[in-house]
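>
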Amino acid sequence: TQYSTHPVHAVVKKYVDAVVDGTGGMPLLVPAEEADAATAAAIAARLDGLLVPGSPSNVEPYHYDGPPSQPKTLHDPARDAMALPLLRAAVMADLPVLAICRGIQELNVALGGSLHQRVHEVPGRLDHRAPRQGTVEERYAFRAHSIALTAGGILERVAGASTLMV
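Written out as C-alpha cells, the structure reads:
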C-alpha cells in the first residue's frame, strides 16, 4: 500500500483489537513481502497462532490455475507472496489459524484449492460482501445465516451443536 510517497504495511484496527481483546495476545504484523518456504517456516516458528484478515483484493488466479481476472479486479501480489507460503508453514507447524474473508480464500489456495472469482454471481450462493457505506456496526451487522458443521468434527464438538450462525 502507498501512503504519500512512502510504501506502508498496515492492518485494520478491528483485527488488532480481536487479538488483544479476544485472546490477550500481542499481534505481530507480518509485512507483505515475498517469502520462500524457509522464511515462512522461520516466521511461523515464532508465532502462537496466525490470524489472516480480509482485504478488498483478491488472490491472483494464476496461484490456482484460474482464468484471468476481470478488469479492475484488485490484487495484492506482495500479500500473495507472503500469505500463501506462511499459511502452508503454519499448517505444517500445526499452528491455530483463523482466516477471515480473503484469508480463508488464501488458506484454500495455499492448500491446493481453487476459487470462484465472483462467487456472489454463482447461482444459489450468498453475497457476503459488506456494504461500502455506513458505520462499522451497520456494515457488519448484515446477512447472518446458519452453517452446518461436519458431524463428529472439532467445531461440532467444541460448539456442542451441529449448526452455528455466522
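Numbered by the numbering used here, the letters in the sequence shown go through residues 541 to 706 in order. Beta carbons are placed, not taken as given, at the ideal position from N, Cα and C, and that holds for glycine. Just so we're clear, the structure is a prediction, and the values are computed from it rather than from any experiment.
1) Would you kindly check if the distance between the Cβ of residue 584 and the Cβ of residue 629 is under 8 Å?
2) Return yes when the Cβ of residue 606 is within less than 8 Å of the Cβ of residue 647, no when it is not.
3) What are the partner residues of residue 686, as DSSP defines its beta bridges?
4) How long is the line joining the alpha carbons of residue 677 and residue 547, rounded to whole angstroms?
5) Within its chain, find whatever has a CB closer than 7 Å to the CB of residue 661; leave out the 5 residues flanking it on each side and keep chain order.
6) Return the Cβ separation of residue 617 and residue 600 in integer angstroms, given the expectation that the two are a contact with Cβ distance under 8 Å.
7) Under three-state DSSP, which class holds residue 656?
8) Over the uninterrupted beta strand (DSSP E) stretch that includes residue 639, give me the two end residues.
9) To the nearest angstrom, how far is the alpha carbon of residue 704 from that of residue 650?
10) What first and last residue would you give for the alpha helix (DSSP H) that runs through residue 666?
Based on what the coordinates show:
1) By 1-based counting over the sequence shown, the position of residue 629 is 89. By 1-based counting over the sequence shown, the position of residue 584 is 44. It is a contact, given that the beta carbons lie within the stated cut-off.
2) To locate residue 647, count along the sequence shown from 1; it is residue 107. To locate residue 606, count along the sequence shown from 1; it is residue 66. No, these two residues do not count as a Cβ contact at 8 Å.
3) By one-based count along the sequence shown, residue 686 stands at place 146. Per DSSP, 705.
4) Start at 1 with the first residue of the sequence shown, and residue 677 comes out as number 137. Start at 1 with the first residue of the sequence shown, and residue 547 comes out as number 7. About 30 Å.
5) Counting from one through the sequence shown, the residue named residue 661 turns up at place 121. Here the set comprises nothing.
6) Position 77 of the sequence shown, counting from 1, holds the residue named residue 617. Position 60 of the sequence shown, counting from 1, holds the residue named residue 600. Right, their Cβ atoms sit about 6 Å apart.
7) As a first step, residue 656 is located in the sequence shown; it is residue number 116 there, counting from the start. DSSP places residue 656 in coil when its eight states are reduced to three.
8) Position 99 of the sequence shown, counted from the start, is the residue given in the question as residue 639. Looking at the DSSP string, the run of the beta strand (DSSP E) that includes residue 639 is 637-639.
9) The residue given as residue 704 occupies position 164 in the sequence shown. The residue given as residue 650 occupies position 110 in the sequence shown. C-alpha separation (whole angstroms): 26 Å.
10) Position 126 of the sequence shown holds residue 666. From DSSP, residue 666 is part of no alpha helix (DSSP H); its letter is neither H nor E.
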